[in-house]
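Residue numbers (my numbering), protein chains in the order written: chain A, 25 to 259; chain B, 25 to 259.
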């Protein structure tokens, strides 16, 4: 039986074996929710980038450039980190270069994995269905908040573990913890997430609408996968 | 209101401020459960030590020496990591030097804290009562398993968070996650813990009796606190 494991923070990633493993990176509020939304709305590809300066330079190469730091859009960029801005006609067919506080960093740190997928509640079932067909070991990597564990990413990890529980074996306690948390919180997900510290920060930025949207399950049938430096929809 | 936070692994400890904070270190299976048991049975003091060699040298200084690695007692030492061995007449009044895979490491890493307490389910209420009287910020440090997050330490953290929830404010999601997990698992703690990966390892070592004992709440009224290099009962 293939194994399913969860890495609760990028700071713990060095403890996990990435070789021969499919990594599913998630940053529910809001980087990977944006990526999933963008690819569902006809964005051609997304290049995740660690540093603001490197992202800025991508404009010359014809990319739309997107940047978020501390929950806010960075001045001088075309796009921020709200999923709604990735539904606009203006992004259709475009290539986007994106840097965020946590999510893009987690993707870059996962480079040794066999495959890197990007997941969110929005495309949860597409991710689960694909993982079931591959039967390879899976590691869900939570982006967290500046290294600390956060609630919404752990909940998503738990949702994936639950979805795979018939055909995968949990290899560590983080998977079990995430699954218990998800099962407990599922009937009151928005209420639970509204208590959490990252959300308190985001609420001060006036983006409750984004939060509710990012917790919607299975809105999009899309499977974002890293191919070289680019994230593309392989469905 | 003072704050309560949880560090789910020693690998994340550098992200937390320890100054002006009371740290509660726990390693439920079994280091801190042993320490609490020992101090409840008249052991004079315990010196946590990181390296096996340094621990071995303490014999010359009149200490009983105790060592565990990978769940097993290390050859050539007087004691291992089973709480029952710390109830014996032979340990009464003695000073013990102890090194373990995870728990003693977490104590040493917490040295910058204002106060370091050692907690386990066995003395849960004594810890909570003391923290309520101090009204200082608290960080529960889970020892985990070789850097990874584990279930039983997270459950204990959740038990402390729940015990303080009327008078302390949760400062991060790890506290919330732990609390939800504890509340969910409380009616079936042994059953939940028996699923977890560390316990699967320990079961192979034939110590189910230890596991059940270590999950017993409030058996001892004891408050182990680091004073210099020594852990002593301050009640």
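A virtual CB, placed ideally from N, CA and C, is assigned to each residue, including glycine.
Whole-angstrom C-beta distance between residue 220 of chain A and residue 179 of chain B, which should lie under 8 Å: The Cβ separation is near 19 Å, so there is no contact.
Of all the residues that make up the segment 164–185 of chain A, which are near chain B by a beta-carbon distance shorter than 7 Å? 171, 172, 173, 174, 175, 178
Backbone CA spacing between residue 117 of chain B and residue 75 of chain B [nearest angstrom]: 24 Å
What residues in the segment 37–48 of chain A bring their beta carbon closer than 7 Å to a beta carbon of chain B? 39
Kindly list the residues whose CB is nearer than 7 Å to the CB of residue 158 of chain B, restricted to its own chain and excluding five residues on each side of it in sequence; keep chain order. 46
Taking the straight line between their C-alpha atoms, what separation do you get for residue 71 of chain A and residue 246 of chain A? 17 Å
Beta strand (DSSP E) runs wholly inside the segment 45–130 of chain B, at least 3 long, in chain order: 45–50, 69–72, 88–93, 119–123
Short of 7 Å in beta carbon distance, which residues of its chain neighbour residue 205 of chain A, apart from the five on each side in sequence? Order them along the chain. 178, 179, 182
Just to confirm the assignment, what range does the beta strand (DSSP E) spanning residue 30 of chain B have? 27–31
Of all the CB atoms in chain B, is at least one closer than 8 Å to the CB of residue 35 of chain A? yes
Answer yes or no: do residue 34 of chain A and residue 150 of chain A have a C-beta to C-beta separation smaller than 8 Å? no
Hey, would you say residue 248 of chain A sits closer than 8 Å to residue 239 of chain A, going by beta carbons? no
Mapping DSSP to helix, strand and coil, what is residue 190 of chain A? coil
Taking C-beta pairs closer than 8 Å, name the residues in chain A that residue 58 of chain B reaches, listed in chain order. Simply none; closest approach about 21 Å.
Residue 147 of chain B versus residue 228 of chain B - alpha carbon distance: 27 Å
Taking the alpha carbon of residue 50 of chain A as the point to measure from, which residue in A:195, A:132, A:259, A:191 has its own alpha carbon closest? A:132
Measuring CB to CB, does residue 171 of chain B end up less than 8 Å from residue 163 of chain A? No, Cβ-Cβ distance for residue 171 of chain B and residue 163 of chain A is not below 8 Å.
Any chain A beta carbon closer than 8 Å to residue 208 of chain B: yes
List the whole-angstrom C-beta distance separating residue 106 of chain A from residue 231 of chain A, where the pair is believed to meet the contact cut-off of C-beta under 8 Å. 7 Å
Put residue 161 of chain A into one of helix, strand or coil per three-state DSSP. strand
Can you give me the C-alpha to C-alpha distance between residue 43 of chain B and residue 161 of chain B, rounded to a whole angstrom? Near 10 Å, if we compare the C-alpha coordinates of residue 161 of chain B and residue 43 of chain B.
Considering residue 140 of chain B, what are the terminal residues of the alpha helix (DSSP H) in which it resides? Looking at the DSSP string, residue 140 of chain B is not in any alpha helix (DSSP H); the run it does join, the beta strand (DSSP E), is 139–143.
Among residues of its own chain, excluding the 5 on either side of residue 191 of chain B, which ones have a beta-carbon nearer than 8 Å to its beta-carbon? 25, 26, 156, 159
Helix, strand or coil at residue 136 of chain B according to DSSP, with G and I counted as helix: coil
Compare the C-beta of residue 197 of chain B against all C-beta atoms of chain A and say whether one is closer than 8 Å. yes
Are residue 67 of chain B and residue 98 of chain B closer than 8 Å when you measure CB to CB? no
Tell me where the beta strand (DSSP E) around residue 256 of chain A begins and ends. 254–257
Please list the partners that residue 231 of chain B has in chain A, where partner means a Cβ-to-Cβ separation under 8 Å. Going along chain A, no residue has its Cβ under 8 Å from residue 231 of chain B, so there is no contact; the nearest lies around 18 Å.
Would you mind stating whether residue 29 of chain A and residue 198 of chain A have Cβ atoms separated by less than 8 Å? Yes, the Cβ-Cβ distance between residue 29 of chain A and residue 198 of chain A is below 8 Å.
Chain A contact residues for residue 205 of chain B, given Cβ-Cβ distances below 9 Å: 201, 204, 205, 208
Within the segment 228–256 of chain A, note down every full alpha helix (DSSP H) run reaching 4 residues or more, in order along the chain. 232–238
Around the Cβ of residue 203 of chain B, are there at least 16 other Cβ atoms within 10 angstroms (buried) or fewer (exposed)? buried
Helix, strand or coil: which one does DSSP assign to residue 170 of chain B? coil
Between the segment 214–227 of chain B and chain A, which residues of the former have a C-beta closer than 8 Å to a C-beta of the latter? 216, 219, 220, 221, 222
From which residue to which residue does the alpha helix (DSSP H) around residue 35 of chain B run? Per DSSP, residue 35 of chain B belongs to no alpha helix (DSSP H) and is neither H nor E.
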